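Residue numbers (UniProt numbering): 1 to 87.
Each remark here refers to the structure printed beneath this line.
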């Protein structure tokens, strides 16, 4: 589950799992041990489409549901939406 702390690390590495594997600190690696990188990369891509209003209302609702399920709290969800809106 994403938290603000975990999301900050993901964004530091631009969601690049290879860069993270080579450059992440042991503390960062321990914190993100349970993260499914593909799942979150896909979610960000979908959030970009939602913020640009390029998907149906139903799909946007599905993305929102996945976002809430992936994030530990609303603050993390808002941070992820904010990030996606800048891409």
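We put the beta carbon where it would ideally sit given N, CA and C, even for glycine.
Owing to the predicted nature of the structure, the values given are computational and were not obtained by experimental measurement.
Query	Result
By DSSP, does residue 127 sit in helix, in strand, or in coil?	Not covered by the structure: residue 127. The range shown for the chain is 1 to 87.
Hey, quick one: how far does the alpha helix (DSSP H) through residue 35 stretch, first residue to last?	Taken as a continuous stretch (DSSP letters only), residue 35 belongs to no alpha helix (DSSP H), as it is neither H nor E.
Provide the residue span of the alpha helix (DSSP H) that contains residue 24, from first to last.	Neither: residue 24 is in no alpha helix (DSSP H) and is coded neither H nor E.
Give me, in chain order, the residues of the same chain whose beta-carbon lies closer than 8 Å to that of residue 23; leave out the 5 immediate sequence neighbours on both sides.	13
Between which residues of its own chain and residue 49 is the CB-CB distance below 6 Å, once the five residues before and five after are set aside?	55
Who are residue 2's beta bridge partners in DSSP?	71
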